[in-house]
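In my numbering, the protein residues as written are 2 to 296.
Here is the structure:
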């Protein structure tokens, strides 16, 4: 009897320890539909078709990223995979700024127990540590299923407010919107890149999660589903898991970054919007200027 009790104790202890030590790693490929720089050449004759095509190709590459998500039962860190710079590419400062406006940044830490996140970002040469509560999405669980990497996944949808500091949220204006804008500005010459784009108030999110990996985690700030989120789509950006490794021998330390000025998401967004508006004023009248951050 004592021997049986001892075996049961060992079994329970092993299961508890296994759950405590559980850790996984997921690789995600993020792709965003690159915007077309239509209207730029009409306002700037120095921009040739080849230059326009080159700019669109560079933007497309900037919008294709690989991220690594390391997670356990309660927390995760999500970080872009480091890649070697293409020789002669340059523009490191601009690249960093664009990274912070396209879902990039440093290490994105999520703690689903405390429902909080921490992410370090660099913007205009300054380091910020954004600390805030995780956004709560009202997920609608669907019956539709599909397989991703051998895992059975279920569909879930939600609606979220579009961030004004995430360049990926910019949508091309439809023709009617452009006509209305032209009427309001009759007599003015509008040639800026921004005139072809707008930010929607809300975005429909479609996610695919697998209950086979029962953790409340996902890429970026997505969470809140009964299983690891393997795919997210918002119409322009798709984040798809390409590889999963569970309980690898070498464990990764999952903890938040501590570098940068601590700031809330709201205050960080206001800082970015203010700086981008200042940048826009400095470049007013120059074709192809950066899009406005917030209206």
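Ideal Cβ placement from N, Cα and C applies to all residues, glycine included. This one's a predicted model, so the numbers in the text were calculated from it and none came from an experiment.
Can you tell me whether DSSP reads residue 24 as helix, strand or coil?
coil
Using the Cα positions of residue 152 and residue 227, report the straight-line distance between them to the nearest angstrom.
14 Å
Using 10 angstroms around the beta-carbon of residue 120, count the other beta-carbons present and answer buried if the total reaches 16, otherwise exposed.
Per the 10 Å Cβ criterion, buried.
Rounded to whole angstroms, how far is the Cβ of residue 69 from the Cβ of residue 82, which I believe are closer than 8 Å?
6 Å between Cβ atoms; contact.
CB-CB under 7 Å to residue 73, same chain, minus the five flanking residues each way: which ones, in chain order?
23, 24 and 255
Between residue 9 and the rest of its own chain, which residues show a CB-CB distance below 7 Å, the 5 nearest in sequence each way excluded?
Low confidence applies to residue 9: its pLDDT is 43, below 50, so where it sits in the model is not reliable enough to give any reading.
My output table needs one value for residue 217: the three-state DSSP class, helix, strand or coil.
Reduced to three states, the DSSP call for residue 217 is coil.
Within a Cβ cutoff of 6 Å, which residues of the same chain sit near residue 207, ignoring the five residues on either side of it in sequence?
The answer, listed in chain order, is 158 and 234.
One question on the structure: do residue 71 and residue 253 come within less than 8 Å of each other, judged by their Cβ atoms?
In this structure, residue 71 lies near residue 253, with their beta-carbon atoms less than 8 Å apart.
Closest to residue 237 by CA distance: which of 56, 54, 65 and 150 is it?
65
Is it buried or exposed, residue 277, if we count other Cβ atoms within 10 angstroms and call 16 or more buried?
buried
Tell me the DSSP secondary structure of residue 254 in three-state form.
coil
How many angstroms separate the CA atom of residue 265 from the CA atom of residue 201?
23 Å
Skipping 5 residues on each side, what residues in its chain have a beta carbon closer than 6 Å to that of residue 189?
Its pLDDT being 49, under 50, residue 189 is placed unreliably by the model, and the measurement read from it follows with that caveat. Closer than 6 Å at Cβ, skipping near neighbours: no residue.
Would a C-beta distance cut-off of 8 Å place residue 27 and residue 245 closer than the cut-off?
yes
Could you tell me the boundaries of the alpha helix (DSSP H) in which residue 272 lies?
Residue 272: member of the alpha helix (DSSP H) spanning 266 to 283, first to last residue.
In three-state terms, what does DSSP make of residue 139?
coil
Could you tell me which of 128, 79, 163 and 33 sits nearest to residue 261, measuring between CA atoms?
128
Tell me which same chain residues have a C-beta within less than 7 Å of the C-beta of residue 13, skipping the five on either side of it?
Confidence at residue 13 is low in this model, with a pLDDT of 36, below 50, so its placement is unreliable and the value that follows should be read with caution. Contacts found: none.
For residue 64, report the span of its beta strand (DSSP E) as first-last.
Note, residue 64: premise wrong, no beta strand (DSSP E); not H, not E.
Do you know how far the Cα of residue 169 is from the Cα of residue 33?
7 Å
So, residue 136 versus residue 114, is the Cβ gap smaller than 8 Å?
no
With a Cβ-Cβ cutoff of 8 Å, do residue 224 and residue 154 count as a contact?
no
Leaving out five residues on either side along the sequence, give the residues of the same chain with a beta carbon under 8 Å from the beta carbon of residue 146.
153, 154, 155 and 156.
Can you tell me which of 30, 220 and 164 puts its alpha carbon nearest to the alpha carbon of residue 203?
164
Can you give the beta carbon distance from residue 122 to residue 132, rounded, assuming they're within the 8 Å contact cut?
Not really, about 11 Å apart at Cβ, beyond 8 Å.
Look up residue 203 in the DSSP assignment and say whether it is helix, strand or coil.
strand
Excluding sequence positions up to five away, which residues of its chain have a Cβ less than 6 Å from the Cβ of residue 243?
28 and 30
Is it buried or exposed for residue 1, if we count other Cβ within 10 angstroms and need 16 for buried?
An answer regarding residue 1 cannot be provided, because it is not within the stretch 2 to 296 covered by the chain.
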